[in-house]
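First comes the structure, then the notes that go with it.
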Amino acid sequence: MKTQNQRAWFFVLPVLILVAFNALVPLMTVVNYSVQETFGDNLFFWHGLGWFEDVLRSERFHAALGRQILFTATILIIEVPLGVAIALTMPRKGFWVPVCLVLMSLPLLIPWNVVGAMWNIFTLPDIGLLGYFLNTVLGIDYNMTQSPVAAWVTVIVMDVWHWTSLVVLLAYAGLISIPEAYYQAAKIDAASNWAIFRYIQLPKMKRVLTIAILLRFMDSFNIYTEPFVLTGGGPGNSTTFLSIDLVKVALGQFDLGPAAAMSLIYFAFTLLVSWLFYTIMTKDEQ
Amino acid sequence: MARITLDGLRHSYMPEPQGEEDYALKRMDLEWKDGGAYALLGPSGCGKSTLLNIISGLLHPSEGRVLFNDRDVTEEPPDRRNIAQVFQFPVIYDTMTVYDNLAFPLRNRGVPAIQVDARVTEIAEMLEMGDRLRTRAAGLGPDDKQKISMGRGLVRDDVNVIMFDEPLTVIDPAQKWKLRSKLKELHQKIAVTMIYVTHDQTEALTFADQVVVMQEGQVVQIGTPVDLFECPRHTFVGHFIGSPGMNILPCAVEGQRVAFQGVTVPTAGVPDVPSGAAAEIGVRPEFVSLSTEGGIPAIVRKAADIGRHTVVEAMAGDVPVSAVLDGTAPEAGSEVRLRFDPTHTRVYADGWLATRETGA
């Protein structure tokens, strides 16, 4: 028998109030906008689920969502294996551990708009180090303001540069928590390096990798600042991801209703994928 | 199966050891018989795990050689030595079933599936885990996990030696006893050399035919449990084994006469104490008795009833002496006279046994 103690609610209250003001109330205003139409002057009319239908049928939304999924899938496919690989090669003890850790953390410490600006300048064909090198020295025609392929490559490389460290640090934390006895037992059992990775390291990293993938999914799916500063969504609409498109609708065109409906769909999608992923990954732990 | 010889072995964790104290393992020559059940007993930090890891090949000794059946394996990695080791904390492969865990060392060595199956089934029966082969190993209790890690050593029928590094640390007391008898039973069945590292004397004495007692990187005595009890070669052994441990009493030796608190004490054999060495009498509490006349005068400080026996602590002058007695104990504060059984009373010089046996 568990003792009932209603006093617990009292301790939850401050959090509830905080969450209400920074999440619930703003979210509810968005919900409010999403079911109404306005022609200015602060006059609103009931519009039902019309905006949701419009957004779900809009080709523009489909295109942005498609680009978003492609972007997130690409960076996950690159960053997770790369991060694990780097973590595996990092030293476990000694002088180089703090050096590696600091080097790895550096990209994570840079503000997002600075990252965008850095890569923008870095890749300029006339004065940027990388852009100049590719165009003039190697003779590759590279200009991300004109070529969608170049823009995509740049955005992905930038994200990999910025965020792989997060996967590295989490995977490394998982790796160093494995007791030495596991490696010794594996040696005695004549396990190959692959078997050690497959049956010891990977299972022991599963929890942290779940978190890493979840964080990288959510962050990359909501990415805004870096591509906005780097490409502004261009050339054309080629790097206009969901959040960039959303801002265009909401603040550029000031279509509050469609923007609200879009952000709710966006939010629901992110939540659904995260929930599914987490449930599947932790299914056999019960 | 193999006879294991340690030849001039010495180990230091420092790259350039200066003096003797830099060595975690002092120089030793030892031979472990094929099929023997050995226990390595000593307090924490005495070097027993170091020795174990050198035999298994996880550690390369600074000096000396390790031989399995006269074959020098010093330079060989653990997987080539064909040994098995059970660690303090159970090591199992979480994502695998019990079956796959047991099959793992065989599959890694390319054993055909039919043989793997036969062997795994056999070992699982022996460990009484035959009905759980398909369960995932991660969900099992620590005692079953420890049985699996033991099983991974047993499946290889050509294994040279199985080593246990304090395998019962995380097992609860009731299971400890069961697992220990299981181990003993397994040893009788398959007669493979087993080395069992522990700091628990009960574990060591019940498991092993031969107990190797270590202290500060040094082997102080190798012998059967009875040897260690009846004739400790070093005061450390006397003190470490037995409960309460052996009485170590400062004494005076003049020629062949040994005196404690001014009273002459007859000893087994002839004392042979080099001049300048600190001489002590060693006598187990089990061989101390009370008498009314003669012997050493003492005052009882306390008496504790431990069931079948009574442990009496008496002060002979300012030296405490313990005695294990049958029957009723004298009251605290009463004056008694202590008698030591001469055949079990020995003299130690600087810790080492210093009586020459006569007659025998």
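From first to last, the protein sequence lines are chains L and V. For the first sequence, position 178 matches number 295 in the numbering used here, and the numbering has no gaps at all. For the second sequence, position 176 matches number 1519 in the numbering used here, and the numbering has no gaps at all. In this text, a Cβ means the ideal position worked out from N, Cα and C, and glycines have one as well. Every value quoted in this text rests on a predicted model; they were computed, and no experiment measured them.
Here L/K210 carries a coil assignment [DSSP, helix/strand/coil]. V/A1595 is not a Cβ neighbour of V/A1692, given a cutoff of 8 Å. At a cut-off of 8 Å between beta carbons, L/I330 makes no contact with chain V. DSSP places V/H1652 outside both helix and strand once states are collapsed to three, so it counts as coil. Close CB contacts of L/T348 within its chain, under the 7 Å cut and outside five residues either way in sequence, are with M261, A268, V272, T356 (chain order). Annotation: the continuous alpha helix (DSSP H) that includes L/A312 extends over 310 to 313. A Cβ-Cβ contact shorter than 8 Å links V/P1448 with L/D306. Around the Cβ of V/L1511, a 10 Å sphere holds 16 or more other Cβ atoms; the residue is buried.
Residue state for L/S282 is assigned as helix, using DSSP reduced to three classes. For L/T253, the number of other beta carbons within 10 angstroms of its own is below 16, and it is reported as exposed.
Around the C-beta of L/L187, fewer than 16 other C-beta atoms lie within 10 Å, and the residue is accordingly described as exposed.
Under the 8 Å Cβ criterion, the segment 1388 to 1403 of chain V counts as touching the segment 1536 to 1554 of chain V, having at least three qualifying pairs.
The straight-line gap separating the alpha-carbon atoms of L/F394 and L/I192 is approximately 17 Å.
Look at the segment 1374 to 1410 of chain V and you find these whole runs of beta strand (DSSP E), each 3 residues long or longer: 1380 to 1384. Between the alpha carbons of V/D1350 and V/G1581 lies a gap of roughly 27 Å.
Taking 8 Å as the CB threshold, V/V1535 stays off the interface with chain L.
Under a 10 Å Cβ-count criterion, L/L368 is classified as exposed, with fewer than 16 other Cβ atoms of the shown protein chains found around its own Cβ.
By the 16-neighbour rule on beta-carbons within 10 angstroms, V/T1671 is exposed. Between V/T1610 and V/T1698, the CB-CB gap stays under 8 Å. When the Cα atoms are used, L/D158 and L/P352 turn out to be separated by approximately 36 Å.
By the neighbour-count criterion, in which a residue is buried when 16 or more other Cβ atoms sit within 10 angstroms of its Cβ, V/S1586 is exposed.
A distance of 8 Å or more separates the beta carbons of V/K1490 and V/L1476.
When Cβ-Cβ separations below 8 Å define contact, L/P375 makes no contact with chain V.
Closest in alpha carbon position to V/K1525, among V/H1403, V/A1467, V/V1667, is V/A1467. Distance from the CA atom of L/I382 to the CA atom of V/K1519, rounded to whole angstroms, is 58 Å. Between the C-alpha atoms of V/F1683 and V/N1444 there is a straight-line separation of about 56 Å.
Counting only runs of at least 3 residues, the segment 121 to 157 of chain L fully encloses the following beta strand (DSSP E) elements, listed from N- to C-terminal order: 153 to 155.
Shown here is that no member of the segment 1551 to 1579 of chain V has a Cβ falling below 8 Å from a Cβ of chain L. With contacts defined by Cβ atoms closer than 8 Å, V/Y1381 and V/Q1553 form a contacting pair. Taking 7 Å as the Cβ-Cβ cut-off, the segment 1451 to 1483 of chain V approaches chain L at N1451, R1452, given in chain order.
In the structure shown, the three-state DSSP call for V/F1507 is strand.
The segment 318 to 331 of chain L makes no contact with the segment 146 to 153 of chain L: fewer than 3 CB pairs, one atom from each, lie closer than 8 Å. Residue-level contact by beta carbon fails for L/Y259 and chain V, as no gap is shorter than 8 Å.
Non-local C-beta neighbours of V/P1420 in its own chain, meaning closer than 8 Å and more than five positions away in sequence, comprise G1400, ordered along the chain.
Counting of Cβ neighbours within 10 angstroms places V/N1396 among the buried residues, the total reaching 16 or more.
Taking a beta-carbon distance threshold of 8 Å, L/K304 counts as an interface residue toward chain V.
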